[in-house]
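Student:
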Amino acid sequence: MINNTKDDLCQLTNLDNESIIDNLEKRYSSKDIYTKSGLMLLSINPYQQLDIYSSAYKNLYKRTDNLNPHIYSVIEECLTNIPVYGKHSIIVSGDSGSGKTECTRFLMGYLGLEMISDIDVIIESLGNAVTVHNNNSSRFGKLIKIDKSVSIETFLLEKSRITFQNKNERNFHIFYYILDGSNLSYSNDYIDYECDGKYKGKYDELRHAFSNVGLDFETIENLLLGILFLGSIKIENGQIADSIEVLNLCTIFGISKETLKRYLCQKELRIKDEVIIKEYTQKEFITVRNSIARQLYSLLFDYVITHINNYMKNKQVVVEKLNILDIFGFEDIGKNGLDQFCINWCNEKIYDGYVKNTFDYQRSLFMEENINFEQISNTPPLNKSKIDLIENSCGIADLIAEESKIGSSHVNLATKLNSRLKLDTKYDQILDFTHFNGIVSYDLIDFVMKNTEKGDLSIFNDYWLVKNSQVNKTKDVISYYRNSLKELFNILNNTQIKYIKCIKPNNTKESFKFDRNVVNQQLIANGVLESVSLSKHLFTCWMYIDEFESRYKDLEIKDSVVKGVTRIFFNNKTLKHLESELETKLLKEVALKEFKNIQIRNFCKGIVKKLKEEELMKKEELRIKKLKEEELMKEKDQSNEFKILKEENMKLIENLNNLEFKENFIDDNIKITDDDSENYIDMFNNSMNFKDLFKFNEKDLNGKCKNCKNLERKYKMQMNQLSEIERLENENYELKRKLDRHENNNSRNIIKDNVNSFIYLYIESYPKYNPKAYLKGLEQKSLSEEQLLSLIHGVMNIIKKDNLEIRYFINEIIRLLPLIRKDTNLSIFIFSNLIELKAMFKDRKVEKLNELIDNLFIFICFRFKDSLRNFLPFSVIDHQSLKHYKAKQPLFKKLFEGKSIYELKDKLVDIVDMLLFYHIPNNIIQSIMNYLLSYIDFESFNSFLTRKNFLSFNRLIQINFNVSELIKLSYKLDLNVKMKYTTEAVKIGMELSAAFIDIKILEKSFLNSIQINSIISSFDNQPIPLMNSDGSDCKFLKEPKPKFIKIQIEQKVKEFTLPVFISNKEINLILESLD
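Numbering (the working numbering), first residue to last: 8 to 1082.
(1) Per DSSP, A136 forms a beta bridge with which residues?
(2) So, for H95: in the same chain, excluding its five sequence neighbours on each side, which residues have a beta-carbon less than 8 Å away from its beta-carbon?
(3) Taking DSSP's pairing of strands, which residues face Q246 in a bridge?
(4) Can you tell me whether N937 is buried or exposed? The criterion is at least 16 other CB atoms within 10 Å of its CB, across all chains shown.
(5) Straight-line CA distance for M803 to S557?
(6) Check V220 in the structure and name its three-state DSSP category.
(7) Going by C-alpha to C-alpha distance, which of S1024, S1021, I995, S1000 sits closest to E1010?
(8) Taking 8 Å as the cut-off, decide whether the C-beta atoms of L396 and H417 are in contact.
(9) Report the residue from H140, L940, S959, L191 whose alpha carbon sits nearest the alpha carbon of I510.
(10) What residue range is occupied by the uninterrupted alpha helix (DSSP H) comprising V295?
(11) In terms of DSSP beta bridges, what is K274 paired with?
(12) Is the beta carbon of V883 sitting closer than 8 Å to the one on V993?
(13) Taking the alpha carbon of S400 as the point to measure from, which residue in M374, R427, S411 has its own alpha carbon closest?
(14) For Y68, which option in D58, L57, Q56, V81 has the closest C-alpha, if you only look at C-alpha atoms?
(15) Please list, in chain order, all residues of the same chain as F179 whose beta carbon is under 6 Å from its beta carbon, the five residues on each side excluded.
(16) Strictly by DSSP, which residues pair up with Q503?
(17) Which residues in the same chain have their Cβ closer than 7 Å to the Cβ of P1066, if we skip the five residues on either side of it in sequence?
(18) Could you name the residues that DSSP lists as bridge partners for Y776?
(19) Taking C-alpha atoms, which residue in F836, T1064, L492 lies nearest to L923?
(20) At the level of alpha carbons, what is the spacing between F881 and N609?
(21) For N514 and R177, I'd like the C-alpha separation in whole angstroms.
(22) Name the DSSP bridge partner or partners of E160?
(23) Under a three-way DSSP split, which group does K1084 fall into?
(24) For I315, which residues of its own chain have a beta-carbon under 6 Å away from its beta-carbon, when the five flanking residues on both sides are left out?
(25) Skipping 5 residues on each side, what residues in its chain have a beta carbon closer than 8 Å to that of C766?
(26) Note down the Cα distance separating I974 from V919, rounded to an integer number of angstroms.
(27) State the start and end residues of the unbroken beta strand (DSSP E) segment that holds D439.
(28) With burial defined as no fewer than 16 other Cβ atoms inside 10 Å of the residue's Cβ, what is the status of H215: buried or exposed?
(29) Alpha carbon to alpha carbon, how far is L424 from I407?
(30) Evaluate S218 with the Cβ neighbour count: other Cβ atoms within 10 Å of its Cβ, from every protein chain shown; 16 or more gives buried, anything less gives exposed.
(31) Can you have a look at Y434 and say buried or exposed, based on whether 16 or more other CB atoms are within 10 angstroms of its CB?
(32) Out of F866, E812, S1000, which has the shortest C-alpha to C-alpha gap to V853?
(33) Please list, in chain order, all residues of the same chain as V916 whose beta carbon is under 8 Å from its beta carbon, the five residues on each side excluded.
(34) Taking the CB atoms as reference points, tell me whether D333 and V99 lie closer together than 8 Å.
(35) Measure the CB-CB distance between N52 and G106 and report whether it falls below 8 Å.
(36) Count the other C-beta atoms from every protein chain shown that fall within 10 angstroms of the C-beta of Y551, then say buried if there are 16 or more, exposed otherwise.
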């Protein structure tokens, strides 16, 4: 079954909820639970274990790009970006039961930081509870901070759950565990539980967990029971009713019964210096009692988290600068109260931060950088966050706190919401508030009732928990939430944020059951449609230009880059590509350095070996010499040695007597000049008689041959003279060039009405095309046809003024061709003006003009061809663009690979842009590009035929992709080149790699048998026998030649225009020439 879905919702044509749900449902049914949604990842709970979190999967996402969306790809993207952008945060949010906690565990597992099971047990028991949607719902936000060590910060604990739960919901897990462990059934204002022993195992597990991390479980258990006992305290006639719970409570907290009664039943009012005691009403008593319970539980929760962090701080990890936030999602349970409002307040703030961190922030940056954001983004209007309406001074939060503080009613709150904030309320009780994702109805009675925190913990000051903790001074739930949110977002806003939205597929927790209504509600609640619209065209990454150019120097720059005044903007895909290219570049440099080091080491080893050999030879020579000397000493003692020495002495005297003859012989007979020096050497080497004359000690000859020394001096002088002649010839050449430029002109200022001077003026100042201007912060200005063609129209004006003929201009250009050909830009500039000249004389024949145009056309084609040599054949034959079809290649090519097919395409597009810059007609551009693509086909095909043990199915897929990229470019440029030879070779190769080979396809091919046999031989294992061939066919293609199409060209410009690329001083020269 083919899954024709999009793994990124931004790729959908229709961005309505129906299309999004259809796509998600198809992917979910194929067990693709992860789908990208622009800047966020959607995760749909499968409600079963999937085999997509193994070590193999982890390794795959660590080393491979462009894989299916996965939670691992989010964390890997963070790890890649941290060295570039610093701290990152991942926000995991979603409805209760959507799998947030599991997602967080998978993220930690990818980092090799699985949370210690004991810590998981403790935190879940204290912070999780049964809700209508989930039996293990986290009722707090958990921020895991990873920076060489792991720590946990908690936010937005749902304290109100201690004293009140909605229908079909329960208190925090830990209360039921300790009741079951103590075999207690208990029912009061806080809890209603009939002990059945089902949590006995949980109780034992929890007790061991506390013990393992160093916490005293019995003390904490007593504290939790004391909190429960508070829910059983009642007042009768203004006094606390006696009960076992009161006694137990006093025992646990170490306070007297009278102190407790006085604190819970009375309040002191101070009026000037007078203290008035007033009894609490029943409502006030319950408020104070419940406030104490909530505050004590909050202190206990913070105390345990602090202890856990101390326990983990010595466990060092490799990962740094990463936060993972697991927080509850948007809630709408029908009857919504203060708890839902606070939860949705948090999600409103997350959405607000999401918009600001992406859309608004990027808009402001683009405005600073003088970039038109609307033209680049094209995003539709987004739903605005209502966070200001909640948080601003005198906003909803302030009004709730104000009414709770003065003990007012929900009616007053409704009145103020309407009068001050223009919010509509029903029956002075229901507030319909429009969040970013829709309208939610809230019960204002619940707002006022739950918000008040009137009690303090002053009577517990001596209790260990209160004494060793920093008691929160806030007097209401709203203020607590506000401070907690502020602290959380102060951390998040200083990081780069990634978003994971967890989706619950159904309400029955059935595996792979997709309830469209349930999913649709969550898509609306999470603002997925808005996020897709927002994410589709944003550039979420940026760097300062100098930093960007320094870091990614000499790397391929993708199109998805926007340049401003000081910054460069790009998306995550481009960042990943650049970082990958940078890593490859560094690996190449390291490999090259190592390669050079190996060469140096081998060279040094050779030198050391040679020195050792020479040292051994010297030692051997000394040994032999010593032996000879010893033998000589022995011989001196013999009588006949004297006779031998005497004879040798006589011969030496004879040689010395002949020294004068020898010197005279040289002076008289060997008068050597430079011309006959070679004859002298031949005579010296060939004359046996002459050699015999020189059988004497060389020391006697040293310094005696004056003619030889003169000859040496004469030779040195001639060499110096030759060097001086060469220098003068070079200077002469330069002077001739300058003379040619000023021929018949003593000064351009004196003689201006001259064709030659006019041409030279343009040659010196012609406009140059700069293909990389945007990388250097420059602006590549396009010039009008009037500007570019002003040369020929100016020449025509001079010719008409001076009654000259056009052949003077043609001859001058021909004379200057060697100079013009040294610069491709100049050649194209002159070529463009010559084409305009031909159009001006289309009804007349101009001598030598057609030959000159043809000559320049061929030269330009060859220059462009030469510029492609660095790309071929690697870009087409060897480059591997498709990561899922990697073919084997030698290690050397892995380290020192050539340019990619994308770089080749960019080069071809650059050539077209260069020709367009000089206003070359389109049909001529097509002729040049047809030739270049034919040349690429020629080089690629011939290289294809030379390879051995090269072809495979994956290799052919890669080549076919590269060829198709060039063909697409050909169509885009309206060309008629189809890379037919290389395409045919790939077609035959694909057929040969198939399981069943159709020989008829080979026989019908226009390739000859020798070429087909070369393709067959290129496989590692030859697939079929070679075809019969008589050997008369040619194996390789002949190099194509440029063909200039004879066409009718229309004149583009009617009159001369002053060029902007020539200086003001030289403009005056032009005006005087044309006067």
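All residues carry an ideal CB built from backbone N, CA and C; glycine is no exception.
Bear in mind the structure is a predicted one, so any value in this text is a computation, not a measurement.
Tutor: The short version:
(1) For the purposes of this step, residue 136 is taken as the residue at position 129 of the sequence shown. According to DSSP, which records beta bridges pairwise, A136 is partnered with S144, F179.
(2) The sequence position of residue 95 within the sequence shown is 88, counting from 1. If we look at H95 and ignore the five residues flanking it on each side, its Cβ neighbours are C85, N88, I89, K328, L329, N330, T502, Q503, I504, K505.
(3) By 1-based counting over the sequence shown, the position of residue 246 is 239. Its beta-bridge partners are E243.
(4) Taking the sequence shown and counting its residues from 1, the one referred to as residue 937 is at position 930. N937 comes out buried.
(5) Your numbering for residue 803 matches position 796 in the sequence shown. Your numbering for residue 557 matches position 550 in the sequence shown. About 49 Å.
(6) Against the sequence shown, residue 220 aligns to sequence position 213. DSSP places V220 in coil when its eight states are reduced to three.
(7) The residue given as residue 1010 occupies position 1003 in the sequence shown. For E1010, the nearest C-alpha among the options comes from I995.
(8) Locating residue 396 in the sequence shown gives position 389, counting from the first residue. Locating residue 417 in the sequence shown gives position 410, counting from the first residue. Cβ atoms of L396 and H417: not closer than 8 Å.
(9) The residue you call residue 510 lines up with position 503 of the sequence shown. Closest option to I510, Cα to Cα, is H140.
(10) As a working note, residue 295 is residue 288 in the sequence shown. Start and end: 289-319.
(11) Counting from one through the sequence shown, the residue named residue 274 turns up at place 267. Per DSSP, K285.
(12) Along the sequence shown, one-based indexing puts residue 883 at 876. Along the sequence shown, one-based indexing puts residue 993 at 986. No, the Cβ-Cβ distance between V883 and V993 is not below 8 Å.
(13) The residue given as residue 400 occupies position 393 in the sequence shown. Per the Cα distances, R427.
(14) Looking up residue 68 in the sequence shown gives position 61. Closest by alpha carbon: V81.
(15) By 1-based counting over the sequence shown, the position of residue 179 is 172. Answer for F179: A136, listed in chain order.
(16) Looking up residue 503 in the sequence shown gives position 496. Answer is H95.
(17) Walking along the sequence shown from the start, residue 1066 turns up at place 1059. Here the set comprises Q794, S797.
(18) Taking the sequence shown and counting its residues from 1, one reaches residue 776 at position 769. The partner list for Y776 (beta bridge, DSSP) is empty, contrary to what the question assumes.
(19) Here residue 923 refers to the residue found at position 916 when the sequence shown is read from its first residue. The residue with the shortest Cα to Cα distance from L923 is F836.
(20) Mapped onto the sequence shown, residue 881 falls at position 874. Mapped onto the sequence shown, residue 609 falls at position 602. One C-alpha to the other measures close to 31 Å.
(21) Position 507 of the sequence shown, counted from the start, is the residue given in the question as residue 514. Position 170 of the sequence shown, counted from the start, is the residue given in the question as residue 177. If you take the alpha carbons of N514 and R177, they lie about 18 Å apart.
(22) Taking the sequence shown and counting its residues from 1, the one referred to as residue 160 is at position 153. According to DSSP, which records beta bridges pairwise, E160 is partnered with L150.
(23) Residue 1084 is absent from the model: the chain starts at 8 and stops at 1082.
(24) For this step, residue 315 is matched to residue 308 along the sequence shown. Excluding residues within five positions, the ones whose Cβ falls inside 6 Å are I126.
(25) In the sequence shown, residue 766 corresponds to position 759, counting from 1. With the sequence shown as reference, residue 766 is identified as Ile, and Cys is not the correct amino acid for it. The residues are L798, V802, F816, E819, I820, L823.
(26) Your numbering for residue 974 matches position 967 in the sequence shown. Your numbering for residue 919 matches position 912 in the sequence shown. Their Cα atoms are separated by approximately 16 Å.
(27) As a position in the sequence shown, residue 439 is number 432, starting the count at 1. Start and end: 437-442.
(28) Here residue 215 refers to the residue found at position 208 when the sequence shown is read from its first residue. Exposed.
(29) Locating residue 424 in the sequence shown gives position 417, counting from the first residue. Locating residue 407 in the sequence shown gives position 400, counting from the first residue. Going from the Cα of L424 to the Cα of I407 covers about 9 Å.
(30) Taking the sequence shown and counting its residues from 1, one reaches residue 218 at position 211. It counts as exposed.
(31) Position 427 of the sequence shown, counted from the start, is the residue given in the question as residue 434. Under this definition Y434 is an exposed residue.
(32) Reading the sequence shown from its first residue, position 846 is the one you call residue 853. The residue with the shortest Cα to Cα distance from V853 is E812.
(33) The residue given as residue 916 occupies position 909 in the sequence shown. The residues are L976.
(34) On the sequence shown, residue 333 is found 326 positions in, with the first residue counted as 1. On the sequence shown, residue 99 is found 92 positions in, with the first residue counted as 1. It is a contact, given that the beta carbons lie within the stated cut-off.
(35) In the sequence shown, counting from the first residue as 1, residue 52 sits at position 45. In the sequence shown, counting from the first residue as 1, residue 106 sits at position 99. For N52 and G106, yes; Cβs fall inside 8 Å.
(36) Position 544 of the sequence shown holds residue 551. Exposed, because fewer than 16 other Cβ atoms sit within 10 Å of the Cβ of Y551.
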